[in-house]
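Residues in the sequence shown are numbered consecutively from 1, following the UniProt record's numbering.
Glycine included, every Cβ here is placed at the ideal spot set by N, Cα and C.
To keep things clear, I will list the structure first and then write my remarks on it.
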Amino acid sequence: METPTTIEIPHPPEEQLPPPQQPPKKKKIHYPRIGKKVGLSDDEPDILNDNSLKFDELIVRRRAALGLLPNVQDPESKQNFRLSDLKSSRFYEFGDGFKTAFNSGGYRLCRSNRGFISEGKYYWEMIIISANPDSHCRFGITTLRAGLDVPVGYDDRGYCVCDKGGAYHNRILTPNTPQFGMGDKIGIGLSISKNSEDKLVGEMNLYINRKFEMTVFTDIDFTKRWFPSLSIYKGATVLAEFSPHWRPEGYMNASTYEFNTPELPISVNMLLAAMRSFSSSNLPPQDIYDAIMVALTPIYAMPY
Numbered sequence: 001m002e003t004p005t006t007i008e009i010p011h012p013p014e015e016q017l018p019p020p021q022q023p024p025k026k027k028k029i030h031y032p033r034i035g036k037k038v039g040l041s042d043d044e045p046d047i048l049n050d051n052s053l054k055f056d057e058l059i060v061r062r063r064a065a066l067g068l069l070p071n072v073q074d075p076e077s078k079q080n081f082r083l084s085d086l087k088s089s090r091f092y093e094f095g096d097g098f099k100t101a102f103n104s105g106g107y108r109l110c111r112s113n114r115g116f117i118s119e120g121k122y123y124w125e126m127i128i129i130s131a132n133p134d135s136h137c138r139f140g141i142t143t144l145r146a147g148l149d150v151p152v153g154y155d156d157r158g159y160c161v162c163d164k165g166g167a168y169h170n171r172i173l174t175p176n177t178p179q180f181g182m183g184d185k186i187g188i189g190l191s192i193s194k195n196s197e198d199k200l201v202g203e204m205n206l207y208i209n210r211k212f213e214m215t216v217f218t219d220i221d222f223t224k225r226w227f228p229s230l231s232i233y234k235g236a237t238v239l240a241e242f243s244p245h246w247r248p249e250g251y252m253n254a255s256t257y258e259f260n261t262p263e264l265p266i267s268v269n270m271l272l273a274a275m276r277s278f279s280s281s282n283l284p285p286q287d288i289y290d291a292i293m294v295a296l297t298p299i300y301a302m303p304y
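Encoded structure:
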């Protein structure tokens with residue numbers, strides 16, 4: 001029997017692999033420090049320019065209104081109930097003493113300047129006063145942490161009804177609410193009370209042309225403050241009536257709600273004055289200094 005022939009197959013030369021690459025280093029976020037660099041790299045400009053701070057006054061006011069600056073009073077807390085330019089997307093245009101809102105682009109969030117967090121029954125109306133065939137509107141409530149560049153009801157921080165029918169909370173559609181259109185008076189009745197566990201909860205009721213339609217949402221968590229809100233898509237104008245002449249029995253106009261926010265020690269004007277007169281050789285008190293640090297934090301480094 002012949003012995004099988006063994007054929008040696010030469011091994012190919014070892015492949016010369018490039019040295020293993022290190023994972024890319026995460027860019028370190030440096031929070032603002034007086035006299036230091038701010039941003040992602042040392043190439044970015046200093047926050048000090050000729051010993052003065054560089055800042056956008058409107059951003060400071062908006063962050064104060066959104067409750068993002070420690071110990072700084074909401075600049076809208078003493079205003080009459082109306083739509084808010086500071087708590088809403090910058091894409092909105094307001095008219096008639098902040099009673100009307102217009103948006104020409106995609107869905108964005110618009111809030112009122114005051115919100116609810118205590119027991120009671122409150123009512124307001126929204127009216128679409130102009131629109132085009134592509135326009136849509138949503139009306140409801142949001143917290144201060146709802147996204148500004150999405151419609152009401154997109155996340156768990158909002159509840160809404162839609163002009164084309166249906167209601168949304170956290171992107172989940174409840175399909176059984178009626179449609180409404182231009183000229184209809186869309187009433188939102190918010191009823192807040194304590195449940196059997198002594199927890200504040202609310203329900204949102206829908207009225208169309210001052211006729212009760214349905215209870216849309218229940219068990220809304222009122223340990224958070226909720227603000228009347230709307231979202232407009234492509235070219236509609238909405239009139240917000242927080243003191244309508246009619247309201248359901250047992251309800252109060254939203255405008256009568258006392259905005260019971262705690263008094264905080266720093267006003268926005270006080271903060272802005274400290275920022276304008278800032279000197280690295282004469283630092284402000286610690287609480288104002290801390291608020292300045294958050295006011296100067298780049299948006300990508302904000303916790304919200």
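Whole angstroms are fine: how far does the CA of residue j sit from the CA of residue i?
| i | j | result |
| --- | --- | --- |
| residue 335 | Arg108 | Outside the displayed range of the chain (1 to 304) lies residue 335, so it cannot be described from this structure. |
| Ile188 | Gly166 | 15 Å |
| Ala291 | Gly181 | 44 Å |
| Pro175 | Ser118 | 29 Å |
| Asp221 | Lys87 | 21 Å |
| Asp156 | Ser281 | 46 Å |
| Lys185 | Leu283 | 53 Å |
| Gly158 | Thr256 | 23 Å |
| Cys160 | Tyr168 | 5 Å |
| Thr223 | Val201 | 8 Å |
| Met270 | Asp74 | 12 Å |
| Ser229 | Ser52 | 38 Å |
| Lys164 | Ile232 | 13 Å |
| Asn103 | Ser196 | 42 Å |
Please state whether DSSP places residue i in a helix, a strand or coil.
| i | result |
| --- | --- |
| Val150 | coil |
| Ser196 | coil |
| Leu66 | coil |
| Leu271 | helix |
| Leu144 | coil |
| Leu90 | Note that residue 90 is Arg in the sequence shown, not Leu. Looking at Arg90 - three-state DSSP - the assignment turns out to be coil, as it is neither helix nor strand. |
| Ala167 | strand |
| Ser126 | Before going on, a small fix: residue 126 reads as Met here, not Ser. Met126 falls in the strand class under three-state DSSP. |
| Arg157 | coil |
| Ala131 | coil |
| Leu83 | strand |
| Thr256 | helix |
| Arg114 | coil |
| Leu296 | helix |
| Leu58 | helix |
| Gln16 | Because Gln16 carries a pLDDT of 42, less than 50, the predicted location of this residue cannot be relied on, and the following value inherits that uncertainty. Correct three-state label for Gln16: coil. |
Below 8 Å between beta carbons: does that hold for residue i and residue j?
| i | j | result |
| --- | --- | --- |
| Ser89 | Ser112 | no |
| Val294 | Leu69 | yes |
| Lys121 | Tyr300 | no |
| Met214 | Ile141 | no |
| Phe116 | Trp226 | yes |
Three-pair Cβ contact test at 8 Å for the segment 236-255 versus the segment 94-101: The way I'd put it, the segment 236-255 does touch the segment 94-101; three or more beta-carbon pairs between them come closer than 8 Å.
Please give the ranges of any beta strand (DSSP E) in the segment 180-246, keeping only runs that are unbroken, at least 3 residues long and fully inside the region. 185-194, 200-208, 211-221, 227-233 and 236-241
Counting pairs of beta carbons, one from the segment 128-143 and one from the segment 51-65, are three or more of them closer than 8 Å? no
Validate contact between the segment 124-135 and the segment 146-155 using beta carbons, cut 8 Å, 3 pairs: no
Can at least three beta-carbon pairs, one atom from the segment 65-82 and one from the segment 210-221, be found at a separation below 8 Å? Under the Cβ criterion (8 Å, minimum of three pairs), the segment 65-82 does not count as touching the segment 210-221.
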